[in-house]
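Beneath this line is the structure, given in structure tokens, with notes to follow.
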Amino acid sequence: MTDTPALTQAAAARVSAIASKQGKPAVLRLTVDGGGCSGFQYRFELADGPESDDLTSETDGVTLVVDPVSLDLVAGSKVDFVESLGGAAFQVENPQAAAGCGCGSSFGI
């Protein structure tokens, strides 16, 4: 499966701003863990760079890295950064998710 997830321009801009403030490279790691309201949950963190087996995509100079195990669960996804009255957060638009929850950070397949 090679349909690597991608960042939207809004997400790339936010990662770039956060990385710049923290003096880190503009590299966002997306990982899927077991748990959450619906079975799996997304986890985001700044990374120093990709590991040797990671899949990567780049948007506006920002790299998104995903490990091979997580890729099976997020292939074809888009990572967006959304600001609303309720707050601001990264959100994953996952075409494979059959169920989700109100918090937007967990999903089921």
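Everything in the sequence shown is counted per our numbering, starting at 1 for the first residue and increasing by one. We put the CB at the ideal spot given by N, CA and C, even for glycine.
Name the DSSP bridge partner or partners of residue i?
i: T31; result: R43
i: Q91; result: D80
i: A6; result: K78
For residue i, which residues from the same chain have a beta carbon less than 7 Å from its beta carbon, with the 5 sequence-adjacent residues on both sides left out?
i: A12; result: T59, D60 and V62
i: E45; result: R29
Evaluate residue i with the Cβ neighbour count: other Cβ atoms within 10 Å of its Cβ, from every protein chain shown; 16 or more gives buried, anything less gives exposed.
i: V69; result: exposed
i: A47; result: buried
i: R43; result: exposed
i: S20; result: exposed
i: S77; result: buried
With a Cβ-Cβ cutoff of 8 Å, do residue i and residue j count as a contact?
i: P25; j: L64; result: no
i: D54; j: V66; result: yes
i: L7; j: V92; result: no
i: Q41; j: G35; result: yes
Considering only residues of the same chain and omitting the five flanking positions on each side of residue i, which have a CB-CB separation below 6 Å?
i: R14; result: F81
i: T31; result: R43 and S70
i: A89; result: none
Apart from the five residues on each side of it in sequence, which residues of its chain come closer than 8 Å, Cβ to Cβ, to residue i?
i: S16; result: A26, D60, G61 and V62
Could you name each continuous beta strand (DSSP E) segment of 3 residues or more that falls completely within the region 37-81, going from the start of the chain to the end?
40-46, 55-59 and 62-66
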